[in-house]
């Protein structure tokens, strides 16, 4: 009975679970690295390992289990409890040292506070509180009143956090990840020094300190040995997502690797923007003497064999990796699709068609997902889904039309379309420097008294706005000229707005791509009025990263960035824009390391599919970098990650659509009816 639970495991999973076990049921194991391929039962293996240790006499409080989320720790503990209860008959199996790196770090720092220069009464700042403290220090240093705008508190905290977790010099962090803040390097050094001093004086630590202080605590040989001796086994989940500090904690806690087991997949290391580094898992074996044992889990329980063959082919070109070839018992004659479409609008229509077709064939909307490299890549599709009344949830960013900078530009067009639109005018005026809500309201009141609402030159702007006012009044006139052809107005609005981005938003460069996408979308409409009307009839309702989620009881398909999709699975997966410039992103091809992570991103996207996978390749792309009079489209090539040598793994096809030759119904003049007056009378009667 004691070993029945192991029959649930395949051969390699069982090897990992029993690693280091003697004939007497005791364990004396050196370091173990489990390379767990996508869908290979990583969590199951880790939970069975912990349960197997307990069943064979290891005390639960002698096991340290480190995860990356509280939910993962709870789920792992529940699985262990189910297994041990079925074997030992006990009702519960408490794992007191199962938790996230940060949670375990907080407990240890509290226990050892008096010996490491902390007071045990310290409090922990969450991200919001830490940003507020950073802001107070900014104010004390008078950095918030500089002539050019100093980075906001959240950006300052993000820079500080990345520098701490990556272990990189501030100069390199700014140059690579926050180039728009590079001019403030010296001021940021002063700010971070002041921030650290303020935390010490106030007896508080932030989220990053929980790792940093724990790592420094482990630098003391006596403390490291004392802490390490508390545990017989140390297990780490998702090791490919660890940063330098977390790896340092582990090796200092267990320099000989005894009882250490880490589980992860180098092919799914995609979070370098959070300071995670693939080097930790790639270099893990040789950090110990003798080197760590490596066990590879290759049997996949998620995808069909043809999908896995395509995934293996893509990741097979990786420059540096642990070799593995995923395989499955789930056979199929259907290869993944590599579908050529004309351009991004055609891509949106194709995907919408496929979603509806799959639904008719019995695949629910919730079982279908569309993945993409960057949030703005789904803009065309979002609008197409709204047109067809296909509900969706978006993970990894706001709905495209709900983003503040998109609403800004649309408000410019709305106000140009209707100068009496006070809501649009109120938003647009506040885009100008020196105009806040009160001033904007006063200007709108003045405009209401003018006979020509289109002429803003009669308005006296505030002194702080004078420099920008002339350009804005010129734009307002231009976009209302009757001879101005659409979508030239969109181009004018975008070009006027772009210089304001750097003042309004700190991630201006990222938002520019969204504006280019909006201009492309505008070009698919016959007029400004048509664009504004249709987008308003399907209003976005997202206010968070989980954009547009309908009632959970309703059907909806999933749109997600690839980063947000990691760990998920769907029956049908479609990947947008599998072309160079998108995958890999043209912003992530500066180094070999960046390109390799982009390859892993595509691999992660592909391995989310269970039954059906479709990679979509638009042939033409709109680009805002062309001159105003030049060609706005460029030809795209399929992603370099899918060279001709692996085409045999895909079903290559080209999708062409029939032209829409529908005509609008003719209208004829008739008698004039004052509808507005009629409605007003109706409400007057009701009021009476």
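Numbering (this note's numbering), first residue to last: 252 to 939.
C-beta atoms are modelled at their ideal positions from N, C-alpha and C, and glycine is treated no differently.
Check whether residue 581 and residue 528 have beta carbons under 8 angstroms apart: For residue 581 and residue 528, no; Cβs fall outside 8 angstroms.
For residue 625, the nearest candidate out of 417, 812, 869 (CA to CA): For the residues 417, 812, 869, the minimum Cα distance to residue 625 belongs to 812.
Uninterrupted alpha helix (DSSP H) stretches inside the segment 662 to 732 (no shorter than 4 residues): List check, alpha helix (DSSP H) in window: 673 to 680, 688 to 699, 717 to 729.
Same chain, Cβ closer than 7 angstroms to residue 323, neighbours up to 5 away in sequence not counted: Counting only Cβ-Cβ distances below 7 angstroms, and skipping sequence neighbours, we find 488.
Outcome for residue 374 when other beta-carbon atoms lying within 10 angstroms are tallied against a minimum of 16: Its Cβ having fewer than 16 others within 10 Å, residue 374 is exposed.
C-beta contact flag for residue 286 and residue 492 at 8 angstroms: Cβ distance not < 8 angstroms, so residue 286 and residue 492 don't count as in contact.
One or two residues paired with residue 350 in a DSSP bridge: Among the bridge pairs identified by DSSP, residue 350 is matched with 317.
Environment of residue 587 [buried if 16+ CB atoms lie within 10 Å]: When all chains shown are included, residue 587 counts as buried.
Where residue 614 falls: helix, strand or coil (DSSP): Reduced to three states, the DSSP call for residue 614 is coil.
Classification of residue 325 by the beta-carbon crowding that lies within 10 angstroms, buried from 16 upward: Exposed, because fewer than 16 other Cβ atoms sit within 10 Å of the Cβ of residue 325.
Element boundaries [alpha helix (DSSP H), containing residue 301]: Segment 293 to 306, the alpha helix (DSSP H) holding residue 301.
Test item: CB-CB of residue 268 and residue 284 under 8 angstroms: No, the Cβ-Cβ distance between residue 268 and residue 284 is not below 8 angstroms.
Residue 454 (DSSP reduced to helix, strand or coil): Coil at residue 454, not helix or strand.
When 810, 409, 871, 359 are compared against residue 647, the one with the closest alpha-carbon: The residue with the shortest Cα to Cα distance from residue 647 is 810.
Run of the beta strand (DSSP E) containing residue 286, from where it starts to where it stops: If you look at residue 286, you'll find it in the beta strand (DSSP E) that goes 283 to 287.
Pairwise C-alpha distance: residue 830 and residue 868: Their Cα atoms are separated by approximately 6 angstroms.
Cutoff 7 angstroms; reference residue 261; Cβ partners in own chain excluding five residues on either side: Same-chain partners within the cutoff: 550.
Segment contact, 8 angstroms Cβ cut-off, at least three pairs: the segment 376 to 391 with the segment 442 to 453: The answer is yes - the segment 442 to 453 touches the segment 376 to 391, with three or more Cβ pairs under 8 angstroms.
DSSP state of residue 792 mapped onto helix, strand, coil: Unreliable placement is indicated for residue 792, whose pLDDT of 34 sits below 50; the coordinate value is still reported in the next sentence. Three-state DSSP puts residue 792 in coil, outside helix and strand.
Meets three-Cβ-pair contact criterion under 8 angstroms: the segment 655 to 668 and the segment 773 to 786: Result yes; three or more Cβ-Cβ pairs closer than 8 angstroms.
Spatial distance of residue 593 from residue 870 (CA atoms): Rounded to whole angstroms, the separation of the alpha carbons of residue 870 and residue 593 is 5 angstroms.
Contact between the segment 463 to 471 and the segment 345 to 359 (3+ Cβ pairs under 8 angstroms): Contact holds: three or more Cβ-Cβ distances are below 8 angstroms.
Identity of the residue in 314, 765, 837 nearest residue 629 by Cα: Comparing Cα-Cα distances from residue 629 to each of 314, 765, 837, the minimum goes to 765.
Between the CA atoms of residue 708 and residue 639 - distance to the nearest angstrom: If you take the alpha carbons of residue 639 and residue 708, they lie about 43 angstroms apart.
Beta carbon of residue 505 nearer than 8 angstroms to that of residue 511: Between residue 505 and residue 511, the gap from beta carbon to beta carbon is short of 8 angstroms.
Meets three-Cβ-pair contact criterion under 8 angstroms: the segment 811 to 825 and the segment 851 to 868: Taking a cut-off of 8 angstroms on C-beta distances, the segment 811 to 825 touches the segment 851 to 868, as three or more cross pairs fall below it.
Secondary structure of residue 959, DSSP reduced to three states: Since the displayed the chain opens at 252 and closes at 939, residue 959 lies outside it and no answer follows.
Outcome for residue 377 when other beta-carbon atoms lying within 10 angstroms are tallied against a minimum of 16: Classified as exposed, residue 377 has fewer than 16 neighbouring CB atoms from the shown chains inside 10 Å of its CB.
Under 8 angstroms between C-beta atoms of residue 893 and residue 636: Taking a C-beta distance under 8 angstroms as the contact criterion, residue 893 and residue 636 do not qualify as a contact pair.
Local conformation of residue 571 per DSSP, three classes: Here residue 571 sits in coil by DSSP.
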